[in-house]
Amino acid sequence: MEAFESVQVFEDIVKSQADDRSYRLITLPNKLDILLISDPSTDKSAAAMDVHVGHLVDPEEFAGLAHFCEHLLFMGTEKHPEENAYSQYLSDHGGHSNAFTSVENTNYYFDVNADHLEGALDRFAQFFIAPLFLESTTDRELNAVDSEHKKNLQSDSWRLFQLEKDLCSKDHPYHKFGTGNIETLKNEPVSKGLDIRKFLFKFHESYYSANIMKCVILGKEPLDTLMKWAVSMLSAVKNKNIVVPSFAGHPLTNEVLRRQILVKPVKEMKHLEMTFPFPDVTQDYRIHPQEYISHLIGHEGDGSILALIKSRGWALSLSAGVTSGGTNFDFFKISVELTDEGLAHWEEIIVICFQYMALMRNAGIQEWIFRESEALAEMSFRFKEKGSPASYASATAGHMQHFDKSDILSGNYLFHDFRPDVIQTYLNYLQPDHFRVMVVSPSFDSSNFAEAKYYGTEYDVQDFSDALKEALKTKILEANSELHLPEPNDFIPSNFDVRRVLKPETQYVEIIRESDTMRLWHKKDDTFYVPKVFTTWLIKNPFAYMNPKMSVLARLFTDLLKDYLSEFSYYAEVAGLHYDFDILTDGLILTMDGYNHKLCILLAKVIGKMKNFHVDSKRFQVLKERHERLYRNFKMETPTQHALYWTTYMLQEKLWTNEEKLEEISNIKEDEVANFVQEFFNHFYIEAVVHGNVEEKDALKWANIFDEAFQTRPLPLLQRHALLRSQTLPQGSHTILSLPLPNPANPNSAIEYVLQIGGSDDDDVRSRVLLFSQMCQEPCFDVLRTKEQLGYMVFSSVRKMVGNQFIRVVVQSERDPGYLETRIEAFWVHTKNLIENLGEDDFVRQRTALVNLLLEKPKKLVQEYRRLWSQVSNSQYDFPVEFRLANNVGTLSKSDIIQFMDTYIMKSAPKRTKYSTHISSAKVLSAELSKEAQQLLNDVNQTVLYDDLEGMMLLKNKWGLSGGAYPSKDVKEFMRHKTSTEVFEMNGGISGPSKEVNVVSV
1 MEAFESVQVF EDIVKSQADD RSYRLITLPN KLDILLISDP STDKSAAAMD
51 VHVGHLVDPE EFAGLAHFCE HLLFMGTEKH PEENAYSQYL SDHGGHSNAF
101 TSVENTNYYF DVNADHLEGA LDRFAQFFIA PLFLESTTDR ELNAVDSEHK
151 KNLQSDSWRL FQLEKDLCSK DHPYHKFGTG NIETLKNEPV SKGLDIRKFL
201 FKFHESYYSA NIMKCVILGK EPLDTLMKWA VSMLSAVKNK NIVVPSFAGH
251 PLTNEVLRRQ ILVKPVKEMK HLEMTFPFPD VTQDYRIHPQ EYISHLIGHE
301 GDGSILALIK SRGWALSLSA GVTSGGTNFD FFKISVELTD EGLAHWEEII
351 VICFQYMALM RNAGIQEWIF RESEALAEMS FRFKEKGSPA SYASATAGHM
401 QHFDKSDILS GNYLFHDFRP DVIQTYLNYL QPDHFRVMVV SPSFDSSNFA
451 EAKYYGTEYD VQDFSDALKE ALKTKILEAN SELHLPEPND FIPSNFDVRR
501 VLKPETQYVE IIRESDTMRL WHKKDDTFYV PKVFTTWLIK NPFAYMNPKM
551 SVLARLFTDL LKDYLSEFSY YAEVAGLHYD FDILTDGLIL TMDGYNHKLC
601 ILLAKVIGKM KNFHVDSKRF QVLKERHERL YRNFKMETPT QHALYWTTYM
651 LQEKLWTNEE KLEEISNIKE DEVANFVQEF FNHFYIEAVV HGNVEEKDAL
701 KWANIFDEAF QTRPLPLLQR HALLRSQTLP QGSHTILSLP LPNPANPNSA
751 IEYVLQIGGS DDDDVRSRVL LFSQMCQEPC FDVLRTKEQL GYMVFSSVRK
801 MVGNQFIRVV VQSERDPGYL ETRIEAFWVH TKNLIENLGE DDFVRQRTAL
851 VNLLLEKPKK LVQEYRRLWS QVSNSQYDFP VEFRLANNVG TLSKSDIIQF
901 MDTYIMKSAP KRTKYSTHIS SAKVLSAELS KEAQQLLNDV NQTVLYDDLE
951 GMMLLKNKWG LSGGAYPSKD VKEFMRHKTS TEVFEMNGGI SGPSKEVNVV
1001 SV
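First residue of the sequence shown: 1, per the UniProt record's numbering; consecutive thereafter.
Structure follows, in structure tokens:
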């Protein structure tokens, strides 16, 4: 108890009305702040630690040291010296972990099955007390950091981010290279006689101080128990009483402003970005001045910047807002996705942006706009649902660095004061003589461009043109009649009533309408009691994916529809209503979610636009060009993306390639889109789910909106539930598709290696697949990534397809895919030895972890909805599948898994059926092979190998197809049967015969 007496306790924390968790903020004698969260209902516990130090404090001798230190803390501590002690413990108990290093923060977090928080916390705490930084792990993990950097070399987002930093003031540490690579962390320091381990110990000793750390611990235990663990395990974190590093001035000094940076990207993209130096907005988090400014500049409704430049055919999208910098500095950015024509008018777009800012200043700070944002923020906080415990812990630990103690949960949401003077002060930072511009386009002649140091980005820094300079003095002062402030938002809900069902009729969705044109499923939320709804309407018609041309027409239709509705739907989006319209292989899919009060208005508007669709010539051409770029840009995707794509292509019954779609889109005319829409809606079948705070009668009214809009003919019965099946590989076959990576500058190759298991409708086989996959995941990462250092991206999992299932391993590496395949083959031998030598207690832990994962409860409404929709969309309607599989898994023994490996996995297994996609870089590294590895490579080379798609297609045509999906039981059994009594609750006490009763839930 003595230790508790010196602990400071604070419990006056503002929390959401919907939040039933208990909170306590404690400060240990070492000045470490720890937020304790008790949630008796949680099945996952979590913890996070945010250290208020990032790569801004990297020593000049070691760029990337903060990030490298983050990596190494996972690799053993004095108390738990095994390299994978932490990750193995989490894996054994259904957990996972991660971390990230940013400009000024390093954030570590994990989750674990709720019964095992204490053990995980013990291992986690040692990161901050006594890490080992062993020489062997240090040398190997250097390769992992280098691989992580090389993974990003051809990523435009990483290239542009670092270029922005490179071109800031060299007197400010923001310009540093934060990722690090083999050159900055090894080769250059070694050439100067520097020892990285000494710098690591010094870095940890200097900056990992309790007084600049913030911790969150979330568990099912009472607060007193969590407090006892926190005091016991984290009091040993040293307090060095350091001051949080901060840096005077702003990275964007006068010397680097009033410049235009022209950049040539990897992909075909046309982009304009205006960046303004901005103060650190966290100092005024109770006012949120940046929200007012970004809301107006980034608005998409009538009279907005985007609406105007879209009407001129110059833009596809616009966003505006604050990008976090560090203590004392942030950035305000306006980003525009340009069209081909817009690239020629980017200076005029800048003028329009400043004209709108002038309009904002002249109009004054409008209180009604502030109050709308205030109401929406309060609404979001009031009905905030639980999410992933690990993500919640991580984010909250970060917030603790910036917000007052009482506001650590609400600071990111709630507005407290309307201060027009403060908002005006921030708005005044957006001045025409105080910004710089980045313009990105592949059409720039880069022959005289400079090349950035770390990513090789081609760029040129220029003064503004004389025309732009003049326009920034004169034209921006001219009133533009096409610009005006937005109208009040009619989509903001005002009815938050929720009816509580005390005795729910069913745990799952039920059919409330069955006809030859529609099957409608419904479930009234009886768990989360929030005034929200999630709904999906799958409009089935195989015409939409009949051939490459039809799939392109379907894509153009969905995007044109969303584009036409954007000015209207933006108001709904701001008010918490969201929708999407997309293409699937069996038709088109409309999804909606948000506050239920006014969702019906949005649904009716979208369906009305579908019915009265017409093609706008200018927007058709703009979106057609956009999709041509998207299809071409796939060539520049990562090796992993190519491997996954071509594996899906080979194993799925039908998939149109980007090349096939690109060939079709160039010849498509406007009238063909209109004809497609008319033909598609002539006959279709809808399968829909409505789940949330919506009564059956209202769900049926929503269905009637479709009926009134479309007098459709029924789709033929065989087409209503036809899903694309998967290919069934011939048993015992070994096949490789080997293709070159289209981007010659990317140094990485990739492999997706799959073993066909089949039996997707057999619970016994599925249970074995799941448990084997669970047991492989941590060893796969530990062996292939950590120990063998094949690459940064390594994982294993189950690949599920209609009628089939596969065990897969995916690796992205600088090594040749053939070599990677030999390492995967060797890994199976290692895995079998591991399982054979696994103690019974360890096996039971793995089995229990999977059972707990299968039985894990949804944390919020959207998660429950996704589970229900997944079973409707696959036409199996097998809603209790997780419970059955959990029961099956609970009966499995270690010998069952060994037998599974001997049947399907090992090289001599009688049912072993293998397929691999090899994506090879032009810059493959060679490897010295042992005799065993060379023999494995010889075996791989004897596999049936194809390096052309035509040959592969001929082979694919010889393969059989899996069985299709079919319902788990007679569909009639899912029909809702009315009962004479339903029990509801109102104000805590009314029950009895069925009544229409509304209850305000919060």
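The beta carbon of each residue, even a glycine, is placed where N, CA and C say it ideally should be. Nothing here was measured: the structure is a model prediction, and the numbers come from that model.
- Going straight from the alpha carbon of I196 to that of E104, what length do you get? The residue given as residue 196 occupies position 196 in the sequence shown. The residue given as residue 104 occupies position 104 in the sequence shown. Roughly 21 angstroms between the two C-alpha positions.
- Reference N704; option with closest CA among S738, G608, E663, F680: Residue 704 sits at position 704 when you count from the first residue of the sequence shown. For the residues S738, G608, E663, F680, the minimum Cα distance to N704 belongs to G608.
- Query: If you drop the 5 nearest sequence neighbours on each side, which residues of the same chain put their C-beta closer than 6 angstroms to that of E882?
  - Reply: As a working note, residue 882 is residue 882 in the sequence shown. For E882, where only same-chain residues beyond five positions count, the Cβ hits under 6 angstroms are L854.
- Query: Looking only at DSSP bridge pairs, what is Q719 linked to?
  - Reply: Here residue 719 corresponds to residue number 719 of the sequence shown, with the count starting at 1. The partner list for Q719 (beta bridge, DSSP) is empty, contrary to what the question assumes.
- Would you say the region 204 to 218 touches the region 30 to 39, given that touching needs at least three Cβ pairs under 8 angstroms? Inter-segment contact for the region 204 to 218 and the region 30 to 39 is present: three or more beta-carbon pairs are separated by less than 8 angstroms.
- Does the beta-carbon distance from F684 to K540 come in below 9 angstroms? In the sequence shown, residue 684 corresponds to position 684, counting from 1. In the sequence shown, residue 540 corresponds to position 540, counting from 1. Taking 9 angstroms as the Cβ cut-off, F684 and K540 qualify as a contacting pair.
- Message: On a Cα-Cα basis, can you pick out the residue from K310, H434, A18, R799 that is closest to T253?
- Response: Taking the first residue of the sequence shown as position 1, residue 253 is located at position 253. Of the candidates K310, H434, A18, R799, the residue whose Cα lies closest to the Cα of T253 is H434.
- Message: Extract the residue ranges of the beta strand (DSSP E) inside the region 734 to 777, only unbroken runs of 3 or more that lie entirely within it.
- Response: Counting only runs of 3 or more, we get 734 to 740, 749 to 756.
- Please look up how many angstroms separate the CB atoms of D111 and A390, rounded, as I've assumed it's under 8 angstroms. The residue you call residue 111 lines up with position 111 of the sequence shown. The residue you call residue 390 lines up with position 390 of the sequence shown. Contact between D111 and A390 holds: their C-beta atoms lie close to 4 angstroms from each other, under 8 angstroms.
- Task: Decide if the region 349 to 364 is in contact with the region 414 to 429; the criterion is three or more beta carbon pairs, one per stretch, under 8 angstroms apart.
- Result: With the cut-off at 8 angstroms, the region 349 to 364 and the region 414 to 429 touch.
- Query: In three-state terms, what does DSSP make of C69?
  - Reply: The residue labelled residue 69 in the question sits at position 69 within the sequence shown. Residue state, collapsed to three classes: helix.
- Item | Complete alpha helix (DSSP H) runs within the region 833 to 872 (minimum length 4 residues, chain order) | You should have 840 to 854.
- Message: Threshold first: 3 residues or longer. Then list the beta strand (DSSP E) segments lying entirely within the UniProt domain "Peptidase M16 N-terminal" (34 to 167), N to C.
- Response: Correct list: 44 to 51, 96 to 101, 106 to 113.
- Item | Closest Cα partner of Q678 within the set F710, I668, K697, N667 | As a working mapping, residue 678 is identified with position 678 in the sequence shown. Minimum Cα distance to Q678 is reached at F710.
- With which residues is Q8 paired in a DSSP beta bridge? Position 8 of the sequence shown, counting from 1, holds the residue named residue 8. When DSSP reads this structure, Q8 sits in a beta bridge with T27.
- G94 vs N113 beta-carbon contact at 9 angstroms: For the purposes of this step, residue 94 is taken as the residue at position 94 of the sequence shown. For the purposes of this step, residue 113 is taken as the residue at position 113 of the sequence shown. Taking 9 angstroms as the cut-off, the beta carbon of G94 is found closer than this to the beta carbon of N113.
- Message: Please list the terminal residues of the continuous beta strand (DSSP E) segment that includes A452.
- Response: One-based indexing of the sequence shown puts residue 452 at position 452. Per DSSP, A452 lies in no beta strand (DSSP E) and is assigned neither H nor E.
- Query: So what does DSSP say about H614, is it helix, strand or coil?
  - Reply: Locating residue 614 in the sequence shown gives position 614, where the first residue counts as 1. Reduced to three states, the DSSP call for H614 is coil.
- Item | Collapsed DSSP secondary structure at residue 1023 in the structure displayed | Residue 1023 cannot be examined here, being either before or after the span of the chain that is shown, 1 to 1002.
- Apply the 10 Å Cβ neighbour rule to S813 and answer buried if 16 or more other Cβ atoms are within range, or exposed otherwise. On the sequence shown, residue 813 is found 813 positions in, with the first residue counted as 1. Under this definition S813 is a buried residue.
- 9 angstroms Cβ cutoff met for V689 and V872: For the purposes of this step, residue 689 is taken as the residue at position 689 of the sequence shown. For the purposes of this step, residue 872 is taken as the residue at position 872 of the sequence shown. In this structure, V872 lies closer than 9 angstroms to V689 by Cβ.
- Who are A688's beta bridge partners in DSSP? Taking the sequence shown and counting its residues from 1, the one referred to as residue 688 is at position 688. Paired residues: L520, W537.
- Item | 7 angstroms CB neighbourhood of F201 in its chain, flanking five on each side removed | The residue you call residue 201 lines up with position 201 of the sequence shown. So the qualifying residues of the chain are F133.
- Query: In or out: D156 buried (at least 16 other Cβ within 10 Å) or exposed?
  - Reply: Here residue 156 refers to the residue found at position 156 when the sequence shown is read from its first residue. Result: buried.
- Query: In the structure shown, what three-state DSSP assignment does V677 receive?
  - Reply: Start at 1 with the first residue of the sequence shown, and residue 677 comes out as number 677. In the displayed model, V677 falls within a helix according to three-state DSSP.
- Item | Cα-Cα separation, R847 to L892 | Residue numbering aside, residue 847 sits at position 847 when the sequence shown is read from its first letter. Residue numbering aside, residue 892 sits at position 892 when the sequence shown is read from its first letter. Taking C-alpha positions only, R847 is separated from L892 by approximately 8 angstroms.
- Item | Own chain partners of N98 with C-beta closer than 7 angstroms, once the 5 adjacent residues on each side are dropped | Position 98 of the sequence shown, counted from the start, is the residue given in the question as residue 98. The answer, listed in chain order, is Y109.
- Message: Suppose you measure from the CA of L207 to the CA of H52; what does that come to, to the nearest Å?
- Response: Indexing the sequence shown from 1 puts residue 207 at position 207. Indexing the sequence shown from 1 puts residue 52 at position 52. Note that residue 207 is Tyr in the sequence shown, not Leu. Roughly 8 angstroms between the two C-alpha positions.
- Query: DSSP on F276, reduced to helix/strand/coil?
  - Reply: Position 276 of the sequence shown, counted from the start, is the residue given in the question as residue 276. F276: strand per DSSP, three-state reduction.
- Task: Give the secondary structure of A248 by DSSP, where H, G and I count as helix, E and B as strand, and everything else as coil.
- Result: As a working mapping, residue 248 is identified with position 248 in the sequence shown. DSSP places A248 in coil when its eight states are reduced to three.
- Item | Rounded separation between I408 and Q8 - CA only | Taking the sequence shown and counting its residues from 1, the one referred to as residue 408 is at position 408. Taking the sequence shown and counting its residues from 1, the one referred to as residue 8 is at position 8. Rounded to whole angstroms, I408 to Q8 spans 17 angstroms at the Cα level.
- Query: In whole angstroms, what is the alpha-carbon distance linking S980 and V694?
  - Reply: In the sequence shown, counting from the first residue as 1, residue 980 sits at position 980. In the sequence shown, counting from the first residue as 1, residue 694 sits at position 694. Confidence at S980 is low in this model, with a pLDDT of 32, below 50, so the placement of that residue should be treated as unreliable; the coordinate-derived value is given next. Taking the straight line joining both Cα atoms gives about 20 angstroms.
- Query: Can K270 and E337 be called in contact, C-beta distance under 9 angstroms?
  - Reply: Locating residue 270 in the sequence shown gives position 270, counting from the first residue. Locating residue 337 in the sequence shown gives position 337, counting from the first residue. The answer is yes: Cβ separation under 9 angstroms.
- Query: So, are the CB atoms of I334 and L318 less than 9 angstroms apart?
  - Reply: One-based indexing of the sequence shown puts residue 334 at position 334. One-based indexing of the sequence shown puts residue 318 at position 318. Cβ atoms of I334 and L318: closer than 9 angstroms.
- How long is the line joining the alpha carbons of K661 and T585, rounded to whole angstroms? If you number the sequence shown from 1, residue 661 lands on position 661. If you number the sequence shown from 1, residue 585 lands on position 585. Cα atoms of K661 and T585: separation of roughly 14 angstroms, rounded to the nearest angstrom.
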